[in-house]
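Protein chains in written order, with our numbering: chain A, 1 to 340; chain B, 341 to 680.
Glycine included, each C-beta is placed from N, C-alpha and C at the ideal position.
One structure is given below, encoded as structure tokens.
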DNA sequence: TTGTACGCGTTATCAG
DNA sequence: CTGATAACGCGTACAA
């Protein structure tokens with residue numbers, strides 16, 4: 001059961017390989033109907049499938065891109081990926097997906113391997129720790145788009161959330177609803193994690209601009225699993241802020257764990273808003289007010305830019321996509337009667 | 341800036357291509373230190389990266405597998421995928437991911453394209469509608485594993501949830517907690533959707549075995565978006581069952597929407613259990629009792645079987661992985677005081 | 001309109 | 001220990 005090749009088809013159809021090739025590439029302008037039919041029959045009879053690998057070798061294009069993410073289990077990642085895959089589908093491209101778990105070593109290995117595999121481009125959620133490699137990719141003119149994070153000193157297309165805008169949306173909303181004592185909950189500060197850094201930074205910025213007090217105790221940046229106990233401590237001291245802003249879905253979960261444990265009432269005891277529109281936001285009681293990331297748009301944009309790069313030279317650009325406030329009940333006006 | 345090839349390295353190192361090739365493949369047994377060094381230097385200087393595509397052509401292996409799923413956005417899919425990717429990472433394999441949206445046409449196209457791309461194997465969540473193609477794949481000895489669903493008449497490795505067991509776990513638990521009037525909520529019946537079919541079927545079976553009444557009105561199989569209204573109707577007629585079994589996460593969401601709308605109290609007004617351990621199960625109030633699918637194990641098993649097939653012949657086998665009851669508060673004993 | 005011959009970048013074989 | 005040379009399967013001038 002040897003693999004059938006073009007030569008086999010040619011032999012059976014009694015023509016040469018090139019004729020078969022022309023046929024496959026629809027260059028039938030000068031081909032007799034008779035020949036076409038014979039080739040078609042031979043292909044059908046032999047169940048011939050062109051070997052794209054061989055073609056790639058010649059044409060220097062694999063119609064495949066590599067997408068390197070931290071963890072496909074994160075909702076944002078999944079959605080971005082889905083959007084990328086949809087775009088690729090339209091261009092008859094395929095997507096190779098790799099998880100780095102935010103480990104620079106894994107990232108390096110994946111980039112090397114996919115590069116060797118001749119992928120036509122990369123969309124990466126960068127760990128930020130392989131600056132030399134990123135530079136080499138750019139030097140080699142490998143189409144490349146960063147998503148979610150950028151890396152200082154790397155001049156490349158990047159598609160990010162407008163984090164400052166997201167924080168503004170959240171904090172201003174809380175303020176408008178009458179909350180003045182606002183806390184933030186985030187994982188530990190890490191300068192290379194752009195969204196986190198920007199959000200925490202913007203938080204201070206926005207509070208200051210609104211003339212609100214910045215209480216350091218209310219800026220909880222902590223290992224995710226230890227967030228509930230940090231909040232516990234605040235509660236014990238009776239120092240819980242009136243409202244909590246969770247900077248992403250992971251931290252939101254911890255806040256909810258805390259809230260549930262103490263049977264606090266939202267938003268009466270503490271109001272709640274978060275970035276990432278979690279799927280259960282509307283069925284939770286009370287329904288959760290969130291700032292949604294335009295995940296699909298981000299994926300779409302990233303893919304678009306990548307295809308533009310593959311089509312020809314473009315200048316690197318940074319795109320900040322707009323977040324969206326989805327108002328529900330968890331941060332309703334202070335003192336206002338809640339209907340749930 | 342032409343791509344640098346092995347020939348360039350050979351020229352610079354003053355050896356032949358074959359020697360470079362040997363070097364790369366670590367066949368240095370009879371190679372002089374001197375030569376080794378020269379080659380190493382040339383490679384470094386030229387920043388040479390072997391072209392895996394060319395190698396694949398020769399070796400008939402791409403170290404790449406195709407994974408074809410309905411929709412990467414589903415939690416089960418994401419988790420299975422993550423497990424597959426982890427396994428592949430260990431074998432230095434890559435994963436191409438494709439979404440079919442349960443459309444047989446898309447599925448056919450993807451299989452054809454990936455086949456042409458010479459992937460070394462397939463893991464598929466099959467739509468079930470391309471029987472001829474599946475058969476051709478098997479005929480061609482293409483390593484293949486089905487996940488989540490099987491297809492009648494196709495003799496191939498398949499990794500599935502033990503659906504009957506999952507339903508038993510759910511219903512027996514409800515019964516043990518004192519519930520007798522149990523309803524089921526599911527998307528519309530469709531014979532090729534194995535999990536759904538098996539769960540609905542098993543539900544009747546288990547009820548019968550437990551000598552419980554099978555009330556047709558309580559078996560709600562309906563378009564997901566219309567589920568709440570179906571439940572509304574039951575409620576209006578005062579015919580709501582004591583407990584509801586949602587056969588997956590999607591339907592669970594609809595039940596929760598219904599519950600929230602009417603401000604019903606769980607489990608007092610209606611108890612709730614579902615298949616799929618949604619991420620918010622423990623922070624919801626009350627926390628949700630669920631039947632968890634062993635998604636990671638499923639992915640791992642599928643990948644293992646695929647690698648076994650690639651290693652040599654194996655006999656097709658069906659694997660039924662065990663679900664797990666995660667007891668929380670949404671289906672606590674009828675009449676028992678709840679502490680949330 | 002079709003066939004010949006060569007190139008794509010690598011590996012395998014076999015001399016030397 | 002190293003180097004020619006022939007594949008691998010396909011695309012494409014160029015020749016016929």
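Nearest candidate by alpha-carbon position, reference residue i, set the options
i                      : options                    : result
residue 621 of chain B : B/668, B/645, B/563, B/497 : B/668
residue 424 of chain B : B/405, B/664, B/526, B/415 : B/405
residue 580 of chain B : B/365, B/557, B/386        : B/557
residue 169 of chain A : A/219, A/110, A/273        : A/273
residue 633 of chain B : B/554, B/505, B/643, B/532 : B/505
residue 617 of chain B : B/642, B/610, B/663, B/655 : B/663
residue 163 of chain A : A/195, A/62, A/90, A/143   : A/195
residue 62 of chain A  : A/100, A/72, A/120         : A/120
residue 312 of chain A : A/35, A/208, A/47, A/143   : A/143
residue 60 of chain A  : A/27, A/270, A/116         : A/116
residue 226 of chain A : A/4, A/45, A/250, A/316    : A/250
residue 571 of chain B : B/554, B/602, B/546        : B/602
residue 496 of chain B : B/511, B/479, B/507        : B/479
residue 171 of chain A : A/214, A/141, A/35         : A/214
For residue i: DSSP bridge partner residues
i                      : result
residue 583 of chain B : B/522, B/611
residue 99 of chain A  : A/69
residue 325 of chain A : A/291
residue 64 of chain A  : A/94
residue 157 of chain A : A/145
residue 320 of chain A : A/160
residue 123 of chain A : A/67, A/145
residue 561 of chain B : B/526
Beta-carbon contacts of residue i that lie in its chain and below 8 Å, excluding the five residues immediately before and after
i                      : result
residue 678 of chain B : With a pLDDT of 43 at residue 678 of chain B, under the threshold of 50, the modelled position of this residue cannot be trusted, and the question is left open.
residue 326 of chain A : 277, 281, 289, 290, 291, 292
residue 410 of chain B : 417, 439, 440, 441, 442, 465, 467
residue 340 of chain A : Residue placement at residue 340 of chain A cannot be trusted, given a pLDDT of 39 that sits under 50; what the coordinates show is reported in the next sentence. Taken in chain order, the residues that qualify are 285, 286, 287, 329.
residue 371 of chain B : 359, 362, 363
residue 471 of chain B : 491, 493, 494
residue 173 of chain A : 273, 289, 325, 327, 331
residue 137 of chain A : 111, 115, 122, 144
The ligand HEM heavy atom lying under 6 Å from the CB of residue i
i                      : result
residue 553 of chain B : For the ligand HEM, the structure offers nothing, since it holds no ligand at all.
Sequence-distant residues of its chain with Cβ nearer than 6 Å to residue i (five each side left out)
i                      : result
residue 363 of chain B : 379
residue 642 of chain B : 463, 485, 487, 499
residue 548 of chain B : none
residue 228 of chain A : 254, 257, 258
residue 129 of chain A : 104
residue 118 of chain A : 62
residue 342 of chain A : What is shown of chain A runs 1 to 340, which leaves residue 342 of chain A out entirely.
residue 10 of chain A  : 16, 17, 20
Sequence-distant residues of the same chain with beta carbon closer than 7 Å to residue i, five excluded per side
i                      : result
residue 473 of chain B : 448, 451
residue 7 of chain A   : 17
residue 531 of chain B : 537
residue 414 of chain B : none
residue 308 of chain A : 314
residue 349 of chain A : In this structure chain A extends from 1 to 340, so residue 349 of chain A is not present and cannot be described.
residue 95 of chain A  : 65, 67, 84, 85, 88
residue 46 of chain A  : 4, 8, 9, 12
Stretch-stretch touch, CB-based, cutoff 8 Å, three pairs: the region 143-159 of chain A with the region 173-186 of chain A: no
contact_flag[the region 347-361 of chain B, the region 185-202 of chain A] where n(CB pairs < 8 Å) is 3 or more: Fewer than three Cβ pairs drawn from the region 347-361 of chain B and the region 185-202 of chain A lie within less than 8 Å of each other, which leaves the two stretches out of contact.
Under 8 Å (Cβ pairs) to chain A, residues found in the region 374-395 of chain B: 387, 389, 390, 391, 392, 393, 394
Segment contact flag, the region 636-644 of chain B with the region 391-399 of chain B, C-beta cutoff 8 Å, min 3 pairs: no
Residues of the region 414-439 of chain B with Cβ closer than 8 Å to any Cβ of chain A, in chain order: 418, 419, 421, 422, 425, 426, 429, 432, 434, 435, 436, 437, 438, 439
At least 3 beta-carbon pairs within less than 8 Å: the region 183-191 of chain A vs the region 215-234 of chain A: yes
Cβ contact (3+ pairs, closer than 8 Å) linking the region 581-594 of chain B and the region 243-253 of chain A: no
Members of the region 604-624 of chain B that neighbour chain A once the beta carbon cut-off is set at 8 Å: Cβ contacts with chain A come from 618, 619, 620, 622, 623, 624.
Contact list for the region 238-266 of chain A against chain B, Cβ threshold 7 Å: 253, 256, 257, 260
Members of the region 293-310 of chain A that neighbour chain B once the beta carbon cut-off is set at 9 Å: none
Residues in the region 555-569 of chain B having any Cβ partner in chain A nearer than 9 Å: Of all residues in the region 555-569 of chain B, none comes within less than 9 Å of chain A when Cβ atoms are compared.
Near-chain A residues of the region 452-476 of chain B - C-beta to any C-beta below 9 Å: Of all residues in the region 452-476 of chain B, only 452, 453, 454, 455, 456, 457, 458, 476 place a beta-carbon less than 9 Å from a beta-carbon of chain A.
Residues of the region 490-505 of chain B whose Cβ lies closer than 8 Å to any Cβ of chain A, in chain order: Listed in sequence order: no entries.
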